[in-house]
Amino acid sequence: MADDDLQKPYSVYTIDDLKEKVDKQIDAISDIFCVSNSDATVLLMKLGWNSELLQERMSEDEKKLLMESGLIPVVVTDSNQDLLSDSSCDEFYEFFDDVDDDDNVKISTPFCCHKFSTTYWSNYLEKNFFSVEKKTLDTISCPHQDCGASVGRDTIENLTVKDKDMYEGYVLRSYLESKKTQIKQCPARGCSYFIEYPPRIGDDGEYGLNVVCLCGHTFCWRCRLESHRPVTCNNASDWLSRDLKKLSKSLSGAWIDANTKPCLHCLTPVEIGVESHKTESGTDGDCLEHVTEQDLAEVDTLCLDRWEAGEASLVEARSELQAFEESNNTTLREGLMLIVQCRQFLKWSCVYEHLYLEHEASKKEFLRFLQDYASTLVQSYAETLKEETKKALSKPTLDEVTCSGGDLSTATSSIGNYFYNLSKALKDGLDALEVRHYDDFSPCWLCDRCTYANTWLHKACQMCCDESLVEKAK
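Quick note on numbering: the sequence shown equals residues 515 to 988 in the working numbering.
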């Protein structure tokens, strides 16, 4: 429907896919600098998972970076040797009231001599790192307050299975935090997919970037709202948080009671802040402009009705997509996903009409014509798709799905092209209306050979095709 949608410059990942990406990056750093995977993980976390910066720092001063990261053995002096020899000192446990001192297993990092029980390690890690959502996801250091030795996988491996799993989750959170502008989780309820959208040159900062998740949810990458083309992110946010509520409330008597007062002359409801209506004498007399409730609210109820109808159609389309999710038929599923996107676009085109065409009657009339035709086009396509879906479910081995009048994939492409042209026209402000050029938006396209008007569901001219069939029959 738009350039971003056609190119799909993003990738969809599962949790396992992301863990694999993390492991590959760790392995690459480990191989380049001949360090363990545990140390490579610490270095990447220290530098925000920036491999280029890590290579640059290691080339400039490797020892300095390792020291800053806590990957250099801690030098023990004679003054604190006695303290280190009794590493189970009570002062190390004063932060926790539930420490089990009966644990005889003492564990330290490879870079220091501070040994602690597995119970203490578990409490320390969970309370200070694993369970703290807003903490800066940096490297983990030794529990000793004066020790800067890093805690990596090689230390965690000696702890419980729960600690290992929580550490892996902590590493993944650190990776996602560093990539939060490029990797985001799908905002759909219950969805566990992640989308990676690398920054691109030339992205339009005004309009959102549409993303279609594998769960079927279509949303805007920038504002994380549902896909809201053809309006901008700011328009969509204002509509949902302010305008929609205002329009809904303004149609009710409660809004009128709370926001109006009787006119001093005719007792007609007047919005608070307006002294009175216009009168012939200026101060008294019959009002020249009696204001009805609809005029007072200044609401185009048709716009709100279209929005609500579009929402109902979108909910129905999403439910049909979810019901078909278990099928392996890619062609049909893509068709159902296209219907969801088209329904979503039609719904938000009502907001475009409300925001931009309030005082342009001709363009508003033209847009409503395009909306009605597009809705009819999608409904016809949806009915055809339902029939083909029933056939596909009854025949699991169906290799190719076709519909009357041509291949289903061709029909899908035709509808996509129509909405692409419509999206482009709305972004340009419906300038096509001014030059009276409706070729891209009319209910049909004209054949260059015979000028026959074909619908957008047909890629080839039906008249020329029929003539060729007649000639073959002769």
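Cβ atoms here follow ideal geometry from the backbone N, Cα and C, with glycine treated the same way.
A Cβ-Cβ separation of about 5 Å places I853 in contact with A831 under the 8 Å criterion.
Membership of F933 in the alpha helix (DSSP H) is indicated by the continuous run L922 to K941. Excluding residues up to 5 positions away in sequence, L739 and H742 lie with their Cβ nearer than 6 Å to the Cβ of A750 in the same chain. Between V556 and L532, the CB-CB gap reaches or exceeds 8 Å. Contact check for E710 against I697 passes: the beta carbons are separated by less than 8 Å. Apart from the 5 residues on each side of it in sequence, L944 sits with its Cβ closer than 7 Å to the Cβ of K877, F880 and L881 in its chain, given in chain order. Look at the beta carbons and you see the region 522-531 not touching the region 620-633: under three pairs across the two are nearer than 8 Å. In this structure, the CA atom of F883 is about 15 Å from the CA atom of W862.
DSSP places I546 within a helical segment (H, G or I) once states are collapsed to three. If you draw a 10 Å sphere on the C-beta of A875, you find fewer than 16 other C-beta atoms in it, and that means exposed. Beta bridge pairing from DSSP links C734 with N724. The C-beta distance from L891 to Y932 rounds to 7 Å, short enough to fall under 8 Å. Contact between T669 and K560 is absent: CB atoms are separated by about 16 Å, not below the 8 Å threshold. Straight-line spacing of the CA atoms in K941 and S573 works out to 49 Å.
Under the DSSP assignment, V619 falls outside any beta strand (DSSP E); it carries neither an H nor an E label. Here I697 carries a strand assignment [DSSP, helix/strand/coil]. Cβ contact annotation for V588 (same chain, cutoff 7 Å, sequence separation greater than five): F625, C626, C661 and A663, in chain order. In this structure, Q858 keeps its C-beta atom at 8 Å or more from the C-beta atom of T695. Annotation for Y638: no beta strand (DSSP E) segment contains it, though the alpha helix (DSSP H) segment containing it runs T632 to L639. S692: member of the alpha helix (DSSP H) spanning V675 to S692, first to last residue. Counted as a single uninterrupted DSSP element, the alpha helix (DSSP H) harbouring I853 occupies residues T844 to Y870. Membership of E710 in the beta strand (DSSP E) is indicated by the continuous run F708 to E710.
Judged by DSSP in its simplified three-state form, E740 adopts strand. Sorting K905, H868 and Q893 by C-alpha distance to the C-alpha of L828 places Q893 at the top. According to the DSSP assignment, S525 belongs to the beta strand (DSSP E) that extends over S525 to Y527.
Counting along the chain, K578 sits inside the alpha helix (DSSP H) bounded by residues S565 to E582. Residue state for A837 is assigned as helix, using DSSP reduced to three classes. When the five nearest sequence neighbours on each side are left out, the beta carbons in the same chain lying within less than 7 Å of the beta carbon of C817 are those of C864, E867 and H868, in order along the chain. Under a 10 Å Cβ-count criterion, M581 is classified as exposed, with fewer than 16 other Cβ atoms of the shown protein chains found around its own Cβ.
Per the coordinates, the alpha-carbon of R687 lies some 17 Å from the alpha-carbon of S565. For C747, the enclosing alpha helix (DSSP H) stretches over residues C747 to D752.
The secondary-structure analysis by DSSP pairs V665 across a beta bridge with I654. Of S755, C705, C700 and D757, the smallest CA-CA separation from W735 is found for C700. The alpha-carbon separation between F643 and F630 amounts to approximately 17 Å.
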